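S.K.: The listed protein sequences correspond, in order, to chains A and B. The first sequence maps to residues 29 to 284 in this note's numbering. The second sequence maps to residues 10 to 443 in this note's numbering. Heads up, the beta-carbon is just placed ideally off N, CA and C, and yes, glycines get one too. Predicted model, so just to flag it, every value in this text is computed and none were measured.
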Amino acid sequence: MALIELDHIVKTYDLGLSKVPALRDIHFNIERGEFVAIVGQSGSGKSTLMNIIGCLDVPTSGHYQLSGRDVSTLSDDELADVRNLEIGFVFQSFQLLPRASALENVELPLIYRGIGKKERRERAVEALKLVTLEDRMEHRPAELSGGQRQRVAIARALVTQPSLLLADEPTGNLDSRTGEEIVGLFLELHKKGNTIILVTHEPKLAARCPRAVRIVDGLVIADGPGRQVAMANAEALGAEALATFLAADKSQGARP
Amino acid sequence: MSEAMPQAAGFRVRASGQRRWLGKVRRILLELRDSIVQAAVSLVSHKLRAALTISGIAIGIMAVMIIFMVQAGIQASMVKALNTLGPNTLFVHKWKWGVNGNDWWKYKNRPQVSTLDWKALQQNTTLPVAIAAMVNTPAVVSMGAREVKNVDVRGTVDGYLDATGWQIRRGRFITALDQELGSDACIIGADIEDAFFKGQDPLGQQIRIGASLRCSIVGIFGRKGTAFGNPQDLRVIIPLATFMRTFGMKRGLVVAVVAPEGKVRETEDEVTAVMRNARHLSPDQDDNFSVNRQDKLLEGFNQTMMATNITGILVGLITAVVAGIGIMNILLVSVKERTREIGIRRALGARRTTILMQFLCEAIMVAIVGGFVGVVMGSGAAALIDMISPVAAAVDPRVVIGGLVGSALLGAGFGLWPAMTAAFLQPIEALRYE
Chain A
29 MALIELDHIV
39 KTYDLGLSKV
49 PALRDIHFNI
59 ERGEFVAIVG
69 QSGSGKSTLM
79 NIIGCLDVPT
89 SGHYQLSGRD
99 VSTLSDDELA
109 DVRNLEIGFV
119 FQSFQLLPRA
129 SALENVELPL
139 IYRGIGKKER
149 RERAVEALKL
159 VTLEDRMEHR
169 PAELSGGQRQ
179 RVAIARALVT
189 QPSLLLADEP
199 TGNLDSRTGE
209 EIVGLFLELH
219 KKGNTIILVT
229 HEPKLAARCP
239 RAVRIVDGLV
249 IADGPGRQVA
259 MANAEALGAE
269 ALATFLAADK
279 SQGARP
Chain B
10 MSEAMPQAAG
20 FRVRASGQRR
30 WLGKVRRILL
40 ELRDSIVQAA
50 VSLVSHKLRA
60 ALTISGIAIG
70 IMAVMIIFMV
80 QAGIQASMVK
90 ALNTLGPNTL
100 FVHKWKWGVN
110 GNDWWKYKNR
120 PQVSTLDWKA
130 LQQNTTLPVA
140 IAAMVNTPAV
150 VSMGAREVKN
160 VDVRGTVDGY
170 LDATGWQIRR
180 GRFITALDQE
190 LGSDACIIGA
200 DIEDAFFKGQ
210 DPLGQQIRIG
220 ASLRCSIVGI
230 FGRKGTAFGN
240 PQDLRVIIPL
250 ATFMRTFGMK
260 RGLVVAVVAP
270 EGKVRETEDE
280 VTAVMRNARH
290 LSPDQDDNFS
300 VNRQDKLLEG
310 FNQTMMATNI
320 TGILVGLITA
330 VVAGIGIMNI
340 LLVSVKERTR
350 EIGIRRALGA
360 RRTTILMQFL
370 CEAIMVAIVG
380 GFVGVVMGSG
390 AAALIDMISP
400 VAAAVDPRVV
410 IGGLVGSALL
420 GAGFGLWPAM
430 TAAFLQPIEA
440 LRYE
């Protein structure tokens, strides 16, 4: 049984006057232990898909099974519990509590699991060690660099030992070298057996993942090894660029 | 064997159900603790904003507390004073006690109770245990160059002690002979003693009442304290005849009539009959005097108290609403500011109720801190009132607890709506909020 089973997922946003289809028919599985990139340009529907996979939102139709449990019909409280137990989020903008220390930030999800102070602390320290931040535990987010903040966020995502690590553009707010560091960390976590989904618009990043799923206009148009999908994507982008270039050239040529 | 199996399984299910229940309680307690810490951090990190809201609540609570404490003080001294009058004592007076407003003219035009009425009562009644006529006026009392203003100078007769329960500490009281002769004997209260005779023996000394009346001190009252908010010890008692001669014959009297235990009704009837007879009233005429009892006074007093009570409650409600709006405001700002935090918490597994609890905690904390400051300020104000005014404004522990509980409820009540808006935010929207 796959960890994630997406069964003809459709999500439509109702904007009153018009209905906007964000996901039209998403249908694929992710196995336990996979490292999958979901690639797509902004507006492709990849964020919507991430929200649904992350149980932050429910599909309009279709079924989503996480660890064999259909989560597309759960109540708000049940979804909160699933998020706490099954999913570790890593966001582009880190999303740390500004007034809490790194340690307190990492402890936070354990509070919602009813874990006592002592065990909470131990586990949070362990998670911070995993991202090599044991010497920055008492610092607040404002006192940390971008890369360090993202590592705190990753520690927070890992501390609950979730079935799934869900990262949304985790390198988007970082310079390329720090971004590289974070990708390295993800690859390492993958080697240790974590299931990771990485949502990104960068084909370069997707190329480094064992598997990539490309989404265009709410549909999966490519699913395969990361490098291959990224190449196809680059080709598509290249063709597009060429077409634009030619069009521009033509209009110039038409000038008397 | 086959019976034992499901039983065991059933037990296991129950045990795990219990464990799950305990886990829930544990989680709620942990979340509650976190909420309280977060609320405290939020208040401390927005000191000015919190202080403004807190002072709003504090002032409200203080205002309400002062009203209720002063009221309780007045009530307490009233009851104490009434007890000094004695439950069996009737007071024959032109005025009906506890009446105010429309009937004023009716009573105003009645004849005063006179010495003739008093004598008629003394001669023609059989039931009363004691009868005493009395009249009083504020006057200046002096001795040599020293003078005391606003002394309660009272003219009365020998039955006074029996009728009122006052006691002579030293010396004697007015006798029937003093009254007959209009003698210059006087009895002084403890405050007068303190004012003129520090360490001296007042007995036999002379004091001057008003401009011309010289009196010899024959007795001293024991200390009584205050009643109706007035000091009772600043007084001088002289024979009724002497009083009338000095301050005028037309003054109205009050005749105190003490009924024997359990015969208040009968005594009241007898007094009424004797008075009607003395005033030659025909059967179709209304009484032109009143026979007052202290419970009537209490009734009138209670009516007045009810009015101030309602005022207190209204003021309380208004301040509660004003303070509540303050709480609502600070909380709405806090929710707006922490929208992303709400999103983060929701993404990490916080339920709606968790978020609700977090913001309710903040509201209740602001309110309780405000309530506490208000109670402290109110108690200080009560001490001040107690010190500078005759009203004994006591800090009732019930008022303190009521103030704190009330403010907590206020916080919960007015915090509910902002907390609900926080709890019902969509996690995705909240996370995206800039």
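Could you tell me which chain B residues have their CB closer than 7 Å to the CB of A:Leu125, listed as they occur along the chain?
M.R.: The residue given as residue 125 of chain A occupies position 97 in the first sequence. Under the 7 Å cutoff, chain B gives Glu350, Ile353.
S.K.: What would DSSP say about A:Leu51, mapped onto helix, strand or coil?
M.R.: One-based indexing of the first sequence puts residue 51 of chain A at position 23. The answer is strand: DSSP assigns A:Leu51 an E or B state.
S.K.: Mind pulling the alpha helix (DSSP H) runs of 4 or more residues that sit fully within the region 38-121 of chain A?
M.R.: 74-81, 104-114
S.K.: Could you check which residue in B:Met337, B:Thr362, B:Arg360, B:Val384 has the C-alpha nearest to that of B:Ile373?
M.R.: Locating residue 373 of chain B in the second sequence gives position 364, where the first residue counts as 1. Minimum Cα distance to B:Ile373 is reached at B:Met337.
S.K.: Can you tell me whether B:Arg179 is helix, strand or coil according to DSSP?
M.R.: Mapped onto the second sequence, residue 179 of chain B falls at position 170. DSSP places B:Arg179 in strand when its eight states are reduced to three.
S.K.: For the alpha helix (DSSP H) containing B:Gly415, list its first residue and its last residue.
M.R.: Position 406 of the second sequence, counted from the start, is the residue given in the question as residue 415 of chain B. Element bounds for B:Gly415: 406-432.
S.K.: By the criterion of Cβ-Cβ separation under 7 Å, what are the contact partners of B:Ala49 in chain A?
M.R.: Locating residue 49 of chain B in the second sequence gives position 40, where the first residue counts as 1. None at all; the shortest Cβ gap to chain A is about 11 Å.
S.K.: Given that B:Ala356 touches chain A, what residues does it touch there, using C-beta distances under 7 Å?
M.R.: In the second sequence, counting from the first residue as 1, residue 356 of chain B sits at position 347. Within 7 Å Cβ-Cβ: Leu84, Arg111, Phe117.
S.K.: Using DSSP with H/G/I as helix, E/B as strand and the rest coil, what is B:Phe100?
M.R.: To locate residue 100 of chain B, count along the second sequence from 1; it is residue 91. DSSP places B:Phe100 in strand when its eight states are reduced to three.
S.K.: Could you tell me whether the region 309-322 of chain B touches the region 408-419 of chain B, where touching means 3 or more Cβ pairs closer than 8 Å?
M.R.: no
S.K.: For B:Val283, collect the residues of the same chain with a Cβ closer than 7 Å to its Cβ; drop the 5 residues on either side in sequence, then sort them by chain order.
M.R.: Numbered from its first residue, the second sequence carries residue 283 of chain B at position 274. Around B:Val283: Ala129, Leu130, Asn133, Thr134.
S.K.: Rounded to the nearest angstrom, how far is the Cβ of A:Leu77 from that of A:Ile58, given a contact under 8 Å?
M.R.: Residue 77 of chain A sits at position 49 when you count from the first residue of the first sequence. Residue 58 of chain A sits at position 30 when you count from the first residue of the first sequence. Not a contact, Cβ separation roughly 12 Å.
S.K.: Return the bridge partner residues of B:Thr62 from the DSSP annotation.
M.R.: For the purposes of this step, residue 62 of chain B is identified with residue 53 of the second sequence, where counting begins at 1. Partner(s): none; B:Thr62 has no beta bridge.
S.K.: Report, in whole angstroms, the separation of the C-beta atoms of B:Leu262 and B:Ser123, which I expect to be a contact under 8 Å.
M.R.: For the purposes of this step, residue 262 of chain B is taken as residue 253 along the second sequence, with counting starting at 1. For the purposes of this step, residue 123 of chain B is taken as residue 114 along the second sequence, with counting starting at 1. With a Cβ gap of about 7 Å, B:Leu262 and B:Ser123 count as contacting.
S.K.: Assuming contact is defined by CB atoms lying nearer than 8 Å, are B:Arg179 and B:Ile229 in contact in what I supplied?
M.R.: Residue numbering aside, residue 179 of chain B sits at position 170 when the second sequence is read from its first letter. Residue numbering aside, residue 229 of chain B sits at position 220 when the second sequence is read from its first letter. Remark: C-beta atoms of B:Arg179 and B:Ile229 approach each other more closely than 8 Å.
S.K.: Measuring CB to CB, does A:Leu186 end up less than 8 Å from A:Ser95?
M.R.: Here residue 186 of chain A is taken as the residue at index 158 of the first sequence, counted from 1. Here residue 95 of chain A is taken as the residue at index 67 of the first sequence, counted from 1. Not in contact: A:Leu186 and A:Ser95 (Cβ atoms no closer than 8 Å).
S.K.: Note down, in chain order, all residues in the region 353-383 of chain B with a beta-carbon under 9 Å from any beta-carbon belonging to chain A.
M.R.: Ile353, Arg354, Arg355, Ala356, Leu357, Gly358, Ala359, Arg360, Arg361, Thr362, Thr363
S.K.: Check whether the Cβ of B:Pro96 sits closer than 7 Å to any heavy atom of the ligand FAD, and report yes or no.
M.R.: The model on display carries no ligand, and the ligand FAD is accordingly not part of it.
S.K.: What number of angstroms, rounded off, separates the C-alpha of A:Ile257 from the C-alpha of A:Glu197?
M.R.: Here the question's residue 257 of chain A lines up with position 229 in the first sequence. Here the question's residue 197 of chain A lines up with position 169 in the first sequence. The sequence shown places Val at residue 257 of chain A, not Ile. Distance between the alpha carbons of A:Val257 and A:Glu197: 18 Å.
S.K.: Quick check on the burial criterion: 16 or more other C-beta atoms within 10 angstroms. Buried or exposed for A:Gly61?
M.R.: Looking up residue 61 of chain A in the first sequence gives position 33. Exposed, since its Cβ has fewer than 16 Cβ neighbours within 10 Å.
S.K.: Take the Cβ of B:Thr62 as the centre, count every other Cβ of all protein chains shown within 10 Å, and call the residue buried at 16 or more, exposed below.
M.R.: Reading the second sequence from its first residue, position 53 is the one you call residue 62 of chain B. By the neighbour-count rule (16 or more Cβ atoms within 10 Å), B:Thr62 is buried.
S.K.: Buried or exposed: where does B:Asp200 fall if 16 or more other Cβ atoms within 10 Å of its Cβ makes it buried?
M.R.: For the purposes of this step, residue 200 of chain B is taken as residue 191 along the second sequence, with counting starting at 1. Flag for B:Asp200 reads buried.
S.K.: In the DSSP output, what is A:Asp196 paired with across the bridge?
M.R.: Taking the first residue of the first sequence as position 1, residue 196 of chain A is located at position 168. Per DSSP, A:Val227.
S.K.: CB-CB under 7 Å to A:Gln189, same chain, minus the five flanking residues each way: which ones, in chain order?
M.R.: Position 161 of the first sequence, counting from 1, holds the residue named residue 189 of chain A. Non-local C-beta neighbours of A:Gln189 in its own chain, meaning closer than 7 Å and more than five positions away in sequence, are absent.
S.K.: Do A:Ala130 and A:Glu97 come within 8 Å of each other at the CB atom, strictly closer than that value?
M.R.: What you label residue 97 of chain A is simply residue 69 of the first sequence in a count that begins at 1. What you label residue 130 of chain A is simply residue 102 of the first sequence in a count that begins at 1. The sequence shown places Arg at residue 97 of chain A, not Glu. No, Cβ-Cβ distance for A:Arg97 and A:Ala130 is not below 8 Å.
S.K.: Would you mind working out which of B:Phe381, B:Cys370, B:Gly383 sits nearest B:Phe423, comparing C-alpha positions?
M.R.: In the second sequence, residue 423 of chain B corresponds to position 414, counting from 1. B:Phe423 has its Cα closest to that of B:Cys370, out of B:Phe381, B:Cys370, B:Gly383.
S.K.: Quick check on A:His218: does DSSP put it in helix, strand or coil?
M.R.: Translated into positions along the first sequence, residue 218 of chain A becomes position 190. Helix at A:His218.
S.K.: CB-CB under 8 Å to B:Lys259, same chain, minus the five flanking residues each way: which ones, in chain order?
M.R.: Position 250 of the second sequence, counted from the start, is the residue given in the question as residue 259 of chain B. Answer for B:Lys259: Gln121, listed in chain order.
S.K.: If we cut at 8 Å on Cβ distances, does A:Asp98 have a partner in chain B?
M.R.: Here residue 98 of chain A corresponds to residue number 70 of the first sequence, with the count starting at 1. No, its Cβ sits nowhere closer than 8 Å to a Cβ of chain B.
S.K.: Going by C-alpha to C-alpha distance, which of B:Gln84, B:Phe433, B:Ala59, B:Pro269 sits closest to B:Val138?
M.R.: Walking along the second sequence from the start, residue 138 of chain B turns up at place 129. Relative to B:Val138, the option among B:Gln84, B:Phe433, B:Ala59, B:Pro269 whose CA is nearest is B:Pro269.
S.K.: Tell me B:Gly164's beta-bridge partners as DSSP assigns them.
M.R.: Taking the second sequence and counting its residues from 1, the one referred to as residue 164 of chain B is at position 155. B:Gly164 is bridged by DSSP to B:Val144, B:Ile247.
S.K.: Going by beta carbon distance, what residues of the same chain come within less than 6 Å of A:Ala235, once the five residues before and after it are set aside?
M.R.: Sequence index remark: in the first sequence, residue 235 of chain A carries index 207 (1-based). Residues of the same chain with a CB within less than 6 Å of the CB of A:Ala235, apart from the 5 flanking positions on each side, are Gly254, Arg255, Ala258 in chain order.
S.K.: Judging by CA-CA distance, which residue of B:Glu156, B:Ser86, B:Gly257, B:Ser416 is the nearest neighbour of B:Arg163?
M.R.: Position 154 of the second sequence, counting from 1, holds the residue named residue 163 of chain B. Among B:Glu156, B:Ser86, B:Gly257, B:Ser416, the Cα nearest to that of B:Arg163 belongs to B:Gly257.
S.K.: Per the DSSP calculation, B:Phe230 is bridged to which residue(s)?
M.R.: Counting from one through the second sequence, the residue named residue 230 of chain B turns up at place 221. B:Phe230 is bridged to B:Ile177.
S.K.: Residues in the same chain with beta-carbon distance under 8 Å from A:Val118, minus the five sequence neighbours each way, listed in chain order, please.
M.R.: By 1-based counting over the first sequence, the position of residue 118 of chain A is 90. Taken in chain order, the residues that qualify are Gln178, Ala181, Ile182, Ala185, Leu193, Leu194, Ala195, Asp196, Pro198.
S.K.: Which class does A:Asp251 belong to by DSSP, given the choice of helix, strand or coil?
M.R.: Residue 251 of chain A sits at position 223 when you count from the first residue of the first sequence. In this structure, A:Asp251 counts as strand in the three-state DSSP scheme.
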